[in-house]
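Read through the structure below, which is laid out as structure tokens, and then see the notes.
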Amino acid sequence: MTLSAHNLEVVYEDVMLVLKGASINVPKNGIVTLLGANGAGKTTLLRAISGLLGVHRGKITRGHISVDDVKLDTDQAPAVVRAGVSQVMEGRRIFIEFTVEENLLVGAHTTPRAAIDSKLDYVYEMFPALKGRKKQHAGYLSGGEQQMLAIGRALMAEPKYLILDEPSLGLAPQIVSQIRDLIVQLKESGLGILLVEQNAAMALSIADHGYVMENGKIVMDAPAKALREDEDIQEFYLGLGESAGSLRDVKHYSRRKRWLS
Amino acid sequence: MNDLIHSLIFGIAQGSIYALIALSFVVIFRATGVLNFAQPALMILGAFATSVFAIDLGLNYFIALVLAMIVIALLSMGIERVAIRPMVGQSTFSAALITVGLFIALYVISTRLFDSKPRTVNDPWGVSALCLGGNLKEEWGFVSCEGGLIIYWHSIGKIVLATIVIAALFIWLARSKYGLAMRATSMDQETALAQGINVGGMFSTSWAISGAIVALAGGLFAANGSVIQSTDALFALVALPALVLGGLDSLKGAVIGGLAIGILMNLTKTYQTAIAPWLGLNFENVVPYIVMIIVLLIRPYGLFGTKEVQRV
């Protein structure tokens, strides 16, 4: 029972090879994190999974995506959502002119009519802040509430797998820890979660398994615990390495240099 | 006083047709970002289709109107699929130019179809009118109402039908699942796609709706107690000032702009010859464009349009 990408190769505009054979597995009832620098191809991998490559003139040229061992038709985003894979896109992307409730209803586009009310109750119970403001324009929500709305909207489609692209981006530390608890809670309710984060410390603290991506390839594939203890990961993603040294040394050096010149 | 009320009612009737045409522009503009200049030709084809169903096939006018709406909706959907969909991602300017080409092609086709002969649509109203507080006289196909207020039945028919269709469209957009999906698509295509909305299907639907609305405008326009010709397509161009006045991307603005332009034209027609005769005859046809120039100068985004914010 996994959401898997098998040897995925993606080309933009027929010339730019961005993914060079990336494979990942997201088990149901687990959190998998995908780390990597800017431009490594993380968002492209997510777009390939949710069928959004066409909008960006990209194409899967090799490999495929499968959900629970059934091959996914990634040319059609609606088919992906129906198969139970929902994505919360980077930058929240809520409909700011819609009310909170309308945003949630758009998320329920593929949900059977009879199930919509109970889904709404489920989301409002999870985010009480949204319930009190359901008739307000979504543009008036705070950044954290907008992120919750974006997650709630994705949950309206009754997903089996949830893809989160940078859910902590631009949020205060307190809200980030709220979102982190929420992700754990969602996992415990039986969802498979693929988490892409710049905030590697947060991602690795809750993930079960992690992948590191560089230049369109998966260069590391290990349990989150192993990644947390890996020296390179500590240096490049968690900022704990030795090479950074103490900030005082740097300052001292530059001050002295000024004296000498 | 009677003159004033008469020109107001006549203006609202004419304005509701402008409103329908402007609305058909806005529906497409919001969904695909393209200003479809082929709409006037589609309007006149709608009038022609109504005429064919009503006169040549002898159907009831209202049934003919509905059939014409369906035919033009399908035609409009086909145009989008064949000529506009491949332009997705290209500049909207090139897409707009394609529609100018389409306008000319469709206009020539409609002229051929009309065969240069004026046609009627066999509407139930004709030139019959209500005459309040006066005595109705009918001579040589002209109705007059001495000392009273004259209200043409076709004016009432236009206002009622346009109101029903516009109200239905607004309710559908606000309440229904697909109306919501269509609004979501017009705001952010990629996000709509990620929610499982069939964005291509939404484009087709919006062009179909727009085609149906403009065909209705054509069929109603033809019910003027007189005849129509293919050159009447130019009538639809007055919808452009209505659009600019209301704001290009506002449905509400299209309706209000259309009504305002219709009323303004008829007030000018009634009073200008007495107040400012030196402006000459048929000055009312110039008024919408003067309004358009003024609006573009002082409020380029119109009454209800979204103000474009640009970082300098």
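These protein sequences, in sequence, are chains A and B. Count the first sequence with the numbering used here and you get residues 5 to 265, in order. Count the second sequence with the numbering used here and you get residues 125 to 436, in order. Think of the CB as a built atom: it goes at the ideal place given N, C-alpha and C, for glycine as much as any other residue.
The region 153-165 of chain B and the region 290-303 of chain B do not touch, with fewer than three beta-carbon pairs separated by less than 8 angstroms. Using a CB distance below 7 angstroms, no part of the region 119-131 of chain A faces chain B. Below 8 angstroms, too few C-beta pairs join the region 419-429 of chain B and the region 392-408 of chain B to call them touching: fewer than three.
With a beta-carbon spacing of about 24 angstroms, V224 of chain B and A346 of chain B fall beyond the 8 angstroms limit used to define contacts.
Per DSSP, reduced to three states, the secondary structure at V368 of chain B is helical. In summary, A44 of chain A is buried, with 16 or more beta-carbon neighbours lying within 10 Å of its beta-carbon over all protein chains present. Counting only residues of its own chain and dropping the five nearest sequence neighbours on each side, V92 of chain A has a CB closer than 6 angstroms to the CB of A154, I155, A158, L168. Legend: CB atoms of the region 298-321 of chain B lying less than 8 angstroms from CB atoms of chain A belong to residues K301, L304, A305, R307, A308, M311, D312, Q313, E314, T315, A316, L317, A318, Q319, G320, I321. Distances from the CA of L237 of chain B to each of B:D180, B:S252, B:T392, B:I152 were compared; the closest alpha carbon is that of B:D180.
For the region 311-395 of chain B, the full-length alpha helix (DSSP H) segments reaching 4 residues or more read 313-318, 323-346, 363-370 along the chain. Contact between the region 199-206 of chain B and the region 328-338 of chain B is established, with three or more Cβ pairs separated by less than 8 angstroms.
For T114 of chain A, the closest Cβ of chain B is nearer than 8 angstroms. For D247 of chain B, the three-state secondary structure derived from DSSP is coil. Annotated three-state conformation of M217 of chain A is strand, per DSSP.
Taking C-beta separations shorter than 6 angstroms and ignoring five residues to either side along the sequence, the partners of D72 of chain A in its chain run M5, following chain order.
Taking each of A:A142, A:L21, A:L7 in turn and checking the Cα distance to V74 of chain A, the smallest one comes out for A:L7.
Under the DSSP assignment, D125 of chain A falls in the alpha helix (DSSP H) whose first and last residues are 117-130. Think of a sphere of 9 angstroms around the beta carbon of E101 of chain A: the chain B residues whose beta carbon falls inside it are R307, M311, in chain order. Less than 8 angstroms divides the Cβ of G214 of chain A from the Cβ of L231 of chain A. Taking 4 residues as the shortest admissible run, the region 30-92 of chain A contains the following complete alpha helix (DSSP H) segments, listed from N- to C-terminal end: 46-54, 81-86.
Taking L108 of chain A as reference, the option from A:V14, A:M206, A:H60, A:K135 with the minimal CA-CA separation is A:K135. Using a Cβ-Cβ cut-off of 8 angstroms, P177 of chain A does not count as an interface residue toward chain B, since no Cβ of chain B sits closer than that to its own. For H10 of chain A, the uninterrupted beta strand (DSSP E) run begins and ends at 6-16, by DSSP. Sequence-distant Cβ neighbours of L173 of chain A in its own chain, meaning closer than 6 angstroms and more than five residues away, do not exist here. Excluding the 5 residues flanking it on each side, V368 of chain B has same chain C-beta neighbours closer than 7 angstroms at M416, V419, L420, G426, in chain order.
One thing to note: V85 of chain A has its Cβ no nearer than 8 angstroms to the Cβ of F99 of chain A. Taking the Cα of K431 of chain B as reference, the smallest distance to any Cα among B:I280, B:I283, B:S374, B:G258 is reached at B:S374. H130 of chain B and N259 of chain B have their alpha carbons spaced roughly 16 angstroms apart. DSSP places L166 of chain A in the strand class (E or B) of the three-state scheme. Here the alpha carbon of I422 of chain B sits roughly 17 angstroms from the alpha carbon of V411 of chain B. The beta carbon of V30 of chain A sits no closer than 8 angstroms to any beta carbon of chain B. If you check the CB distance, L221 of chain B and A165 of chain B do not come in under 8 angstroms. Three or more beta-carbon pairs separated by less than 8 angstroms link the region 317-326 of chain B to the region 44-63 of chain A, which places the two stretches in contact.
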